[in-house]
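In full-length UniProt numbering, the protein residues as written are 1 to 79. Think of the CB as a built atom: it goes at the ideal place given N, C-alpha and C, for glycine as much as any other residue. To keep things clear, I will list the structure first and then write my remarks on it.
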Amino acid sequence: MFDRCPGAEGLRRPTILLRTCPQCGAEIEIFSDEASAACSDCGFVIYNDTLSCITWCRYARECLGDEVYERYLADAKQK
């Protein structure tokens, strides 16, 4: 059994994800714990569509802690 949920690792220890802006083709950096990021060249907003256990797991707050849990939910509401 795991000490912590392995599915939430990208939220507890964020990594940088590189995406291509669909509008202008520039590279956009988005952290794995962010719901969205704007292109620095054209301002187009991309969304991190990776499914997260936060939206359905009843232990998400305990697993991630209040700060990460609340920040992710606030970011997700802006979608």
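Might you give, ordered along the chain, the residues of its own chain that have their beta carbon closer than 6 Å to the beta carbon of MET1, omitting 5 neighbours on each side? Any reading at MET1 must be qualified, since the residue scores a pLDDT of 37, below 50, and its modelled position is unreliable; the value itself is stated next. Excluding positions up to five away in sequence, the list is empty.
Return helix, strand or coil for TYR47, following the three-state DSSP convention. strand
Report the option in THR15, TYR47, GLY43, VAL68 whose CA atom is closest to the CA atom of SER36. TYR47
Proximity winner among SER40, CYS39, THR15, relative to ASP33 (alpha-carbon distances): THR15
Residues near PHE44 by beta carbon distance below 6 Å, same chain, minus five either side: CYS21, GLN23
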